[in-house]
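As structure tokens, the structure follows; a few thoughts come after it.
2 protein chains.
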Amino acid sequence: LAVRLRPHVKTHKTLEGARLQLGRDDGPITVSTLAEARQFAAWGFRDITYAVPISPGRVEELEAFFQQGCRLTILLDSEITLNAVEDYARRFKKVVSVFLKLDCGYHRAGVQPTDPKAVTLAASMHDSAAIDFRGVLSHAGHSYSCVDRAGILKVAEEERSVTVAFANRLREAGVEVPEVSVGSTPTCSVVENLDGVTEIRPGNYLFFDGYQAAIGSCETSDIALSVLTTVIGSYPERNCVLVDSGALALSKDPGARHVTGGMPTFGLVCDPKSLRPLPGVRLGGLSQEHGQIEVEAGAPWDELRVGNKLRIIPNHSCLTAALFEQYWMVDGGGVVGSWKPIRGW
Amino acid sequence: LAVRLRPHVKTHKTLEGARLQLGRDDGPITVSTLAEARQFAAWGFRDITYAVPISPGRVEELEAFFQQGCRLTILLDSEITLNAVEDYARRFKKVVSVFLKLDCGYHRAGVQPTDPKAVTLAASMHDSAAIDFRGVLSHAGHSYSCVDRAGILKVAEEERSVTVAFANRLREAGVEVPEVSVGSTPTCSVVENLDGVTEIRPGNYLFFDGYQAAIGSCETSDIALSVLTTVIGSYPERNCVLVDSGALALSKDPGARHVTGGMPTFGLVCDPKSLRPLPGVRLGGLSQEHGQIEVEAGAPWDELRVGNKLRIIPNHSCLTAALFEQYWMVDGGGVVGSWKPIRGW
Numbered sequence: 374l375a376v377r378l379r380p381h382v383k384t385h386k387t388l389e390g391a392r393l394q395l396g397r398d399d400g401p402i403t404v405s406t407l408a409e410a411r412q413f414a415a416w417g418f419r420d421i422t423y424a425v426p427i428s429p430g431r432v433e434e435l436e437a438f439f440q441q442g443c444r445l446t447i448l449l450d451s452e453i454t455l456n457a458v459e460d461y462a463r464r465f466k467k468v469v470s471v472f473l474k475l476d477c478g479y480h481r482a483g484v485q486p487t488d489p490k491a492v493t494l495a496a497s498m499h500d501s502a503a504i505d506f507r508g509v510l511s512h513a514g515h516s517y518s519c520v521d522r523a524g525i526l527k528v529a530e531e532e533r534s535v536t537v538a539f540a541n542r543l544r545e546a547g548v549e550v551p552e553v554s555v556g557s558t559p560t561c562s563v564v565e566n567l568d569g570v571t572e573i574r575p576g577n578y579l580f581f582d583g584y585q586a587a588i589g590s591c592e593t594s595d596i597a598l599s600v601l602t603t604v605i606g607s608y609p610e611r612n613c614v615l616v617d618s619g620a621l622a623l624s625k626d627p628g629a630r631h632v633t634g635g636m637p638t639f640g641l642v643c644d645p646k647s648l649r650p651l652p653g654v655r656l657g658g659l660s661q662e663h664g665q666i667e668v669e670a671g672a673p674w675d676e677l678r679v680g681n682k683l684r685i686i687p688n689h690s691c692l693t694a695a696l697f698e699q700y701w702m703v704d705g706g707g708v709v710g711s712w713k714p715i716r717g718w
Numbered sequence: 374l375a376v377r378l379r380p381h382v383k384t385h386k387t388l389e390g391a392r393l394q395l396g397r398d399d400g401p402i403t404v405s406t407l408a409e410a411r412q413f414a415a416w417g418f419r420d421i422t423y424a425v426p427i428s429p430g431r432v433e434e435l436e437a438f439f440q441q442g443c444r445l446t447i448l449l450d451s452e453i454t455l456n457a458v459e460d461y462a463r464r465f466k467k468v469v470s471v472f473l474k475l476d477c478g479y480h481r482a483g484v485q486p487t488d489p490k491a492v493t494l495a496a497s498m499h500d501s502a503a504i505d506f507r508g509v510l511s512h513a514g515h516s517y518s519c520v521d522r523a524g525i526l527k528v529a530e531e532e533r534s535v536t537v538a539f540a541n542r543l544r545e546a547g548v549e550v551p552e553v554s555v556g557s558t559p560t561c562s563v564v565e566n567l568d569g570v571t572e573i574r575p576g577n578y579l580f581f582d583g584y585q586a587a588i589g590s591c592e593t594s595d596i597a598l599s600v601l602t603t604v605i606g607s608y609p610e611r612n613c614v615l616v617d618s619g620a621l622a623l624s625k626d627p628g629a630r631h632v633t634g635g636m637p638t639f640g641l642v643c644d645p646k647s648l649r650p651l652p653g654v655r656l657g658g659l660s661q662e663h664g665q666i667e668v669e670a671g672a673p674w675d676e677l678r679v680g681n682k683l684r685i686i687p688n689h690s691c692l693t694a695a696l697f698e699q700y701w702m703v704d705g706g707g708v709v710g711s712w713k714p715i716r717g718w
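Those sequence lines, one after another, are chains G and X. So the first sequence is numbered by our numbering: it starts at 374 and just counts up by one. So the second sequence is numbered by our numbering: it starts at 374 and just counts up by one.
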């Protein structure tokens with residue numbers, strides 16, 4: 374669709390994952406923490422967008438990136454943060470690259486597109502000698518509330534049109550807007566028109582997960598991340614099986630409850646080799662180190678014996694991935710390598 | 374109550390925490406992972422109970438503990454695991470210390486107290502030259518479904534009476550039962566009678582958390598663990614504030630929803646110094662690195678300005694604690710040290 378891909382690395386947090394996303398060892402990326410930014414800068418990445426509004430108290434941490442020749446673009450939506458950035462930039466004689474964060478409908482962060490103060494804030498940045506105003510950035514996180522591909526397409530068009538319209542409003546007010554940056558994995562997985570957009574920033578798509586499959590971003594067979602687990606208890610008298618993956622292995626993310634409905638599941642229980650979901654089983658409960666699988670009539674008890682292996686496709690791969698020290702890369706049934714994710718903030 | 378305390382270290386996963394629980398640098402402890410067991414053995418602990426049914430495929434990992442002179446007691450509730458343990462013990466000429474795991478009413482793991490096969494399994498262990506049968510172990514995790522102290526007291530008595538009665542049943546069948554081990558933080562926080570019990574294994578009580586306070590195990594002022602966070606967005610037009618603690622800082626544990634009811638909260642938003650909960654605010658949403666606070670009329674907007682610090686008391690301290698590389702120990706407002714928890718399995 375003729376836009377730049379600036380993949381988000383927050384889901385995998387690895388050099389190897391970024392390589393797969395970019396097809397090379399550097400290139401534009403998006404990060405969710407300054408820890409990710411620091412590590413990717415150390416790996417030689419020179420164009421990084423930190424896509425969470427920066428804490429004003431952490432603005433001085435930008436200095437390390439300038440020292441390394443890495444352009445770390447931040448985003449903000451408040452005057453208080455803008456003042457902190459300008460203070461830093463003047464004191465250290467730097468020009469900071471900044472996006473204005475726009476709320477395109479998700480209502481998590483960002484200025485409102487109809488708020489006159491939003492234009493004022495953008496104009497202040499555009500006019501400031503301390504700031505290189507990069508443009509407008511939004512994220513259609515409300516795509517996660519969709520129930521199918523058609524719904525996601527609608528949100529994708531809202532993300533595009535609201536963000537482009539706001540950028541044009543700034544342009545009419547005399548503010549140059551070089552970049553119009555949008556993107557979530559659901560919207561980027563289905564979008565067909567990105568007129569006026571310059572870059573997209575999906576991240577989860579490298580792994581996908583049960584949530585994405587439930588809302589229509591992908592098929593279950595597209596999901597790359599799973600947790601290998603072992604049956605450690607079998608209780609046919611109460612139709613229950615216990616596995617050694619609990620909340621510290623899977624996270625307690627409830628998944629796409631608005632789609633899956635009914636009784637909760639904390640992941641899709643699969644055959645360990647084929648990765649096909651087993652019939653008649655539901656991972657209904659998680660405690661710290663235990664996973665409780667409810668077993669219905671017709672379930673394959675033979676595959677649920679104590680000591681047997683299973684694979685669990687998590688509801689939310691970003692959270693599951695962050696709980697492990699490393700990934701084991703599997704190809705054709707064998708382990709072919711390991712990746713170590715970045716941790717912390 | 375004249376029983377041994379064998380504290381669970383799974384909540385804090387540190388030497389320093391175990392010292393606080395035990396009053397000394399060694400002593401009997403309970404662990405939730407073999408990684409915890411290995412590290413505590415390396416620190417000199419010589420009497421450790423691994424309180425999750427061991428995976429049969431990991432039984433050979435016991436060898437390292439024998440080499441170090443550490444008694445690692447395991448628990449099991451299946452013949453398959455018993456066979457794996459006996460195989461290992463015979464092959465390596467070892468005698469393995471084992472508890473029979475009993476389901477005292479929680480229905481997560483364990484044999485049923487009325488199941489004749491439970492007695493058979495215990496007798497097999499008692500009669501096996503390869504096994505040092507330590508007795509019966511249960512965990513009243515269903516205390517977490519209580520709504521007040523009175524309810525917890527009832528579950529505590531159930532935990533005690535069911536486990537002691539089963540131990541006596543084994544004794545009548547000629548099986549020696551040296552230990553009757555029970556305990557959850559809720560039950561151990563309120564229990565008044567432990568007749569017939571030899572040891573208790575609470576763990577969460579070192580920190581407590583919002584869940585424990587909600588069900589009556591403790592007061593909010595007893596909670597030791599909190600997450601220091603910063604306001605990174607303020608949106609009075611939609612009564613919302615954004616903080617830089619998301620699901621990777623707090624976990625997505627929904628807390629004691631059966632008590633708290635109404636709209637969900639992912640933690641208690643508090644004044645950073647007094648740790649008193651702020652009125653009119655609710656941490657209603659978490660994404661990976663964002664926390665969304667809903668703000669009602671009458672809330673102290675002055676304390677919610679961009680850049681201000683807040684503290685969040687988590688719903689579930691075990692899960693929150695495991696997400697951080699270290700704890701900062703605070704006394705009288707100042708940092709007086711740091712602890713580094715064990716990770717992995």
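Idealized CB from N, CA, C, for every residue including glycine. For clarity, every value in this text was computed on a predicted model and none was experimentally measured.
- Of all C-beta pairs linking the segment 602-612 of chain X to the segment 666-685 of chain X, three or more are shorter than 8 Å, placing the two stretches in contact.
- Sixteen is the threshold: since fewer than 16 other Cβ atoms of the shown chains lie within 10 Å of the Cβ of N566/G, the residue is exposed.
- Per DSSP, the unbroken beta strand (DSSP E) holding Q665/G starts and ends at G664 to V668.
- In this structure, DSSP gives R481/X a state outside helix and strand, which the three-state scheme calls coil.
- When rounded, the separation of the alpha-carbon atoms in L473/G and P380/G is 19 Å.
- Judged by their CB atoms, P609/X and I588/X are not nearer to each other than the 8 Å cut-off.
- For V654/G and G524/G, the gap between their C-alpha atoms comes out near 29 Å.
- Listed in chain order, the non-local C-beta contacts of L374/X below 6 Å within the same chain comprise L567, local neighbours out to five positions each way being set aside.
- Secondary structure of W712/X (DSSP, three-state): strand.
- Chain order gives no chain G residues near L543/X, where near means a beta carbon separation below 8 Å; the closest approach is about 19 Å.
- The C-beta distance from S599/G to L696/G rounds to 13 Å, too long to fall under 8 Å, and the pair is not in contact.
- Residue range R522 to E545 is occupied by the alpha helix (DSSP H) that includes E532/X.
- For K386/X, no chain G residue has a C-beta closer than 9 Å to its own C-beta; the minimum C-beta separation is roughly 10 Å.
- Per DSSP, the continuous beta strand (DSSP E) segment holding L510/G begins and ends at I504 to L510.
- The beta carbons of P714/G and T406/G sit no closer together than 8 Å.
- For G569/X, not one C-beta of chain G is nearer than 8 Å to its own C-beta.
- Put simply, the backbone Cα of G706/G is about 19 Å away from that of G430/X.
- Between D521/G and H689/G, the beta carbon gap of about 19 Å keeps them out of contact (Cβ cut-off 8 Å).
- Taking the Cα of K467/G as reference, the smallest distance to any Cα among G634/G, L621/G and S501/G is reached at S501/G.
- In terms of beta-carbon proximity, L374/G stays away from the interface with chain X, with every pair separated by 8 Å or more.
- Cβ proximity to chain X below 9 Å picks out V604, I605, G606, S607, Y608, E610, R611, C613 and L615 from the segment 604-616 of chain G.
- Contact note: P429/X reaches chain G through V679 and G680, using a C-beta cutoff of 7 Å and chain order.
- Annotation: Y423/X to V432/X spans about 12 Å, alpha carbon to alpha carbon.
- Contact check for V564/X against F539/X fails: the beta carbons are separated by 8 Å or more.
- Taking C-beta separations shorter than 7 Å and ignoring five residues to either side along the sequence, the partners of R507/G in its chain run T446, S470, V471, F472, P551 and E552, following chain order.
- Within its own chain, the residues whose Cβ lies closer than 8 Å to the Cβ of S660/G, once the five positions on either side in sequence are excluded, are G619 and A620, listed in chain order.
- Contact annotation: in the segment 669-702 of chain X, residues whose CB is within less than 9 Å of a CB in chain G are R678, V679, G680, K682, H689, C691, L692, A695, L696, F697 and E698.
- Put simply, of T638/G, A672/G, S554/G and G400/G the residue whose alpha carbon is nearest the alpha carbon of L651/G is A672/G.
- Closest in alpha carbon position to C477/X, among G390/X, V458/X and S516/X, is S516/X.
- Under a criterion of Cβ atoms nearer than 9 Å, no residue of chain G is adjacent to V528/X; the nearest Cβ is some 16 Å distant.
- When 7 Å is used as the limit between beta carbons, A513/X is near no residue of chain G, the shortest such separation being about 13 Å.
- Under DSSP, the beta-bridge partners assigned to S607/X are V614/X.
- Going by C-alpha positions, A670/X is about 45 Å away from Q699/G.
- Listed in chain order, the positions of the segment 390-418 of chain G with a beta carbon within less than 7 Å of a beta carbon of chain X are S405 and T406.
- Going by DSSP, L445/G is part of the beta strand (DSSP E) stretching over R444 to L449.
- Across the set T454/X, F438/X and I402/X, the C-alpha of F438/X shows the shortest separation from the C-alpha of R411/X.
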